[in-house]
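Enquirer:
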Amino acid sequence: MTAKPEKIRCDACPVMCYIADGKIGACDRYANHGGNLVRLDPLTVLETSPDKLVPFMKDTGGSDWDGDLLQSEKSFITAVGAGTTYPDYKPAPFIVSQEVEGVDMVTVVTEGIFSYCGVKVKIDTDRHIGHEREAVLVDGEPIGHVMTSEYGSKMLSLGGVDHLTGGSKKEGRVTCDALLRLCNREPVEMQIGDISLVVQAGQPPVINNEPEKLMRVGCGSATIGMFAKQWVDHVDEVVVVDDHITGVLSEHQAGKLLDVPPTGIKILGRRSTPGRYFRVAEPGTGWGGTDIDDPLTILGPFNAKIAWQGLRLLMVSTTGEQYAYFVLDADLKPQPAEIPSALKRSAERIAENCEPSLCSVLFMAGAGGSLRAGVTENPVRLTKSVKDSLTYVSCGGAEAYIWPGGGITVMVDVMEMPTGSFGYVPTPALVAPIEFTLRKSDYAALGGHMEEIRSTADVLAADNRTLSHNQSQPHPHDHRHYRWKDGS
Ligand code: SF4
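Given below as structure tokens:
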């Protein structure tokens with residue numbers, strides 16, 4: 020009888036899977052290949068060599084590596100595909116060194132397991148996608164909430180340790196899966212109240228099955244300011260409909276300075292300052308992020324002492340996508356009329372000045388004790404070194420913003436990272452690449468795992484996924500990141 024091959028135990032995360040030969044672990048990242056534990060995705064290497072232009076965004080998993088180990092001078096080993104070490108005291112999977120412009124540099128490379136993580140999503144749209152603090156649901160599970168709006172954009176805060184581990188098992192699983200897909204630039208369908216939303220990094224949002232096209236040019240008041248001059252010779256009154264601030268030309272400071280006379284118009288909303296009105300309607304997916312499809316519903320009767328028959332009125336949304344032209348009749352009621360070409364052009368100009376609507380996904384996480392212990396035996400020194408600008412933090416080679424205050428809390432745009440950078444473990448937590456780059460002497464000073472340092476050339480292999488360095492990102496080896504660049 021032949022002995023059944025033994026399962027091997029993966030020790031790359033607390034799940035500690037037993038994996039049979041030819042099978043993969045619970046996270047799909049590790050497999051048992053003939054008794055060897057292997058990381059399934061290739062290690063991703065970024066190159067700056069001008070003669071090896073592998074497009075950064077079009078990486079499909081193939082390798083253009085040509086076996087030239089001299090490329091190591093121009094290579095940056097990212098943590099994508101590097102693997103994880105567990106438990107905490109073990110050194111990171113790769114600690115590599117190379118000389119860069121006469122300075123010995125070290126990069127500590129690991130795929131961090133983040134329980135404290137989430138994404139901040141910016142959605143460029145005026146349309147109502149839910150009230151502040153409203154829950155965001157995926158498959159009926161809460162995975163986050165609507166945050167404060169920003170100028171022309173709605174914001175979501177998704178994930179976080181409470182949704183990952185503080186709720187039901189299903190909530191944690193669904194949250195982890197949604198975060199993984201968002202970070203890997205895949206679409207995720209969400210529900211906020213009665214609004215359905217599809218979010219995908221780098222793509223326009225789809226709100227109630229309609230892809231959004233444009234981000235507003237500005238609020239209603241700003242739009243009046245920007246376009247007042249183009250309107251004064253062609254129309255008597257302009258109303259820019261906006262859920263935030265609806266602008267009225269004749270009352271606005273811009274209209275006053277251009278000698279636009281009063282028109283007797285009455286806006287049904289809360290007047291803020293002259294020509295600027297709040298709450299003309301409820302939030303929605305209609306004109307300017309309101310719930311209206313007929314702009315006349317925000318107007319009260321014109322003041323008969325001021326208005327006149329034949330008064331010309333343009334109503335337009337903040338993206339210029341909706342506009343309507345009216346002329347007052349003998350009863351001072353606005354009647355639809357054919358829009359003069361100059362005014363039509365101005366609406367088109369508003370649209371032309373709007374940027375395309377996009378979803379942006381920023382991964383945010385805290386580098387905890389375990390991750391830092393993989394870098395040094397004295398983890399707080401790493402935090403200090405990052406704060407002192409001696410250590411540069413990148414995620415898949417992309418610059419990470421480090422929050423002020425304690426800890427190493429990073430934020431990074433997933434569009435700047437190589438595709439497929441993220442994974443998960445079923446604890447549940449997200450797996451994300453993180454690299455710490457610093458001078459070799461500084462690494463020694465912070466108690467780094469010096470005995471684990473290997474040369475970059477030793478790590479490069481034919482099965483690496485080789486991409487060109489993302490030109491929109493600073494290179495982690497650039498001396499300008501470091502405090503010592505000017506001799507300090
Ligand atoms: S979940 Fe993945 S990383 Fe964790 S032990 Fe299993 S195979 Fe290894």
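For the sequence shown, the residue numbers in my numbering are 20 to 507. We treat Cβ as the ideally placed atom computed from N, Cα and C, and that holds for glycine.
Tell me whether Trp306 is buried or exposed, calling it buried when 16 or more other Cβ atoms sit within 10 Å of its Cβ.
Expert: By the neighbour-count rule (16 or more Cβ atoms within 10 Å), Trp306 is buried.
Enquirer: Can the beta-carbon of Asn372 be found closer than 9 angstroms to that of Met245?
Expert: In this structure, Met245 lies closer than 9 angstroms to Asn372 by Cβ.
Enquirer: Output the distance between the C-alpha atoms of Ser168 and Ala384, rounded to the nearest integer angstrom.
Expert: About 22 angstroms.
Enquirer: Going by C-alpha distance, which of Val260, Glu357, Gln341, Leu175 is nearest Ala366?
Expert: When only C-alpha atoms are compared, the closest one is Gln341.
Enquirer: Under the rule that 16 or more other beta-carbon atoms within 10 Å means buried, what is Gln117, buried or exposed?
Expert: Gln117 should be labelled buried.
Enquirer: Flag this pair as yes or no: are the beta carbons of Val165 and His182 separated by less than 9 angstroms?
Expert: No. Outside cutoff.
Enquirer: Between the Cα of Arg434 and the Cα atoms of Val138, Asn55, Gly54, which residue gives the shortest distance?
Expert: A small fix is needed here, since residue 434 is Met in this sequence, not Arg. Nearest option by C-alpha distance: Val138.
Enquirer: To the nearest angstrom, how far is it from the Cα of Asp236 to the Cα of Gly159?
Expert: A quick correction: the sequence has Val, not Asp, at residue 236. Distance between the alpha carbons of Val236 and Gly159: 35 angstroms.
Enquirer: With DSSP as the reference, identify every bridge partner of Val173, one or two as the case may be.
Expert: Here residue 173 turns out to be Lys, not Val, going by the sequence shown. Lys173 is bridged to Ile142.
Enquirer: Tell me, please, which residues DSSP counts as bridged to Phe95.
Expert: In the DSSP output, where bridge partners are listed per residue, Phe95 has Leu65.
Enquirer: Specify the secondary structure class of Val73 as computed by DSSP and reduced to three states.
Expert: Note that Val73 scores 48 on pLDDT, short of 50, meaning its location in the model is unreliable; the coordinates nonetheless yield the value given after this. Val73: coil per DSSP, three-state reduction.
Enquirer: Is the beta carbon of Val394 sitting closer than 9 angstroms to the one on Val122?
Expert: No, the pair does not count as a contact, with Cβ atoms beyond the cut-off.
Enquirer: Taking the C-alpha atoms as reference points, what is the distance between His494 and Gly221?
Expert: Approximately 22 angstroms between the Cα atoms of the pair.
Enquirer: Jot down the residue ranges of each uninterrupted alpha helix (DSSP H) in the segment 295-378, minimum 4 residues, whole runs only, in chain order.
Expert: Within the segment 295-378, the complete alpha helix (DSSP H) runs of at least 4 residues are 360-371.
Enquirer: What span of residues does the beta strand (DSSP E) with Leu156 cover, start to end?
Expert: It spans 154-157 - the beta strand (DSSP E) in which Leu156 sits, taken as one unbroken run.
Enquirer: Please give me, in chain order, every unbroken run of the alpha helix (DSSP H) with length at least 4 that falls completely inside the segment 189-246.
Expert: Here no run is fully enclosed.
Enquirer: For Cys29, is the beta carbon positioned less than 8 angstroms from some heavy atom of the ligand SF4?
Expert: Yes, the Cβ of Cys29 comes within 8 angstroms of a heavy atom of the ligand SF4.
Enquirer: Give the straight-line distance between the Cα atoms of Val279 and Asp255, rounded to the nearest whole angstrom.
Expert: One C-alpha to the other measures close to 7 angstroms.
Enquirer: In the structure shown, what three-state DSSP assignment does Thr184 receive?
Expert: Thr184 falls in the helix class under three-state DSSP.
Enquirer: Should Leu268 be flagged as near chain D, meaning a C-beta pair shorter than 9 angstroms?
Expert: Given the protein chain composition of this structure (a single chain), no chain D is represented.
Enquirer: Pick out whichever of Tyr105, Thr67, Phe95, Thr97 has its Cα sitting closest to the Cα of Cys36.
Expert: When each option's Cα is compared against that of Cys36, the closest is Tyr105.
Enquirer: Opposite Pro161 in the DSSP bridges: which residues?
Expert: Leu156.
Enquirer: Give me whichever residues DSSP pairs with Arg58 in a beta bridge.
Expert: Beta-bridge pairing links Arg58 to Tyr49.
Enquirer: What did DSSP end up calling Glu470 once you bin it into helix, strand or coil?
Expert: Note: Glu470 maps to helix in three-state DSSP.
Enquirer: Are there 16 or more other CB atoms within 10 angstroms of the CB of Ala247, so buried, or fewer, so exposed?
Expert: The residue is buried, with at least 16 neighbouring Cβ atoms inside 10 Å.
Enquirer: Report whether the distance from the Cβ of Gly212 to the nearest heavy atom of the ligand SF4 is below 8 angstroms.
Expert: Every heavy atom of the ligand SF4 is 8 angstroms or more from the Cβ of Gly212, so no.
Enquirer: I need the straight-line Cα distance from Gln210 to Glu153, nearest angstrom please.
Expert: One C-alpha to the other measures close to 10 angstroms.
Enquirer: Take Ser379 and list the residues in its own chain whose beta-carbon comes closer than 6 angstroms to its own, dropping the five residues that flank it on each side.
Expert: Excluding sequence neighbours, Ser379 sits near Lys141.
Enquirer: How many angstroms separate the CA atom of Gly595 from the CA atom of Tyr501?
Expert: Outside the shown range of the chain (20 to 507) lies residue 595, about which nothing can therefore be said.
Enquirer: Could you have a look at Ser82 and say whether DSSP puts it in helix, strand or coil?
Expert: Unreliable placement is indicated for Ser82, whose pLDDT of 46 sits below 50; no coordinate value is reported for it.
Enquirer: CA-CA distance, Gly294 and Gln272?
Expert: Spanning the two alpha carbons is a distance of roughly 7 angstroms.
Enquirer: For Ala39, collect the residues of the same chain with a Cβ closer than 7 angstroms to its Cβ; drop the 5 residues on either side in sequence, then sort them by chain order.
Expert: The residues are Lys26, Asn51.
Enquirer: To the nearest whole angstrom, what separates the beta carbons of Pro437 and Leu486, a pair I think is in contact under 8 angstroms?
Expert: Contact flag correct, Cβ pair sits at about 6 angstroms.
Enquirer: For Val193, tell me which candidate among Pro161, Gly212, Pro223 has the shortest Cα-Cα distance.
Expert: Measuring from the Cα of Val193, the nearest candidate turns out to be Pro161.
Enquirer: Below 9 angstroms between beta carbons: does that hold for Val299 and Leu315?
Expert: Result no, Cβ atoms of Val299 and Leu315 do not sit closer than 9 angstroms.
Enquirer: Measure the CB-CB distance between Val115 and Ile472 and report whether it falls below 9 angstroms.
Expert: Yes, these two residues count as a Cβ contact at 9 angstroms.
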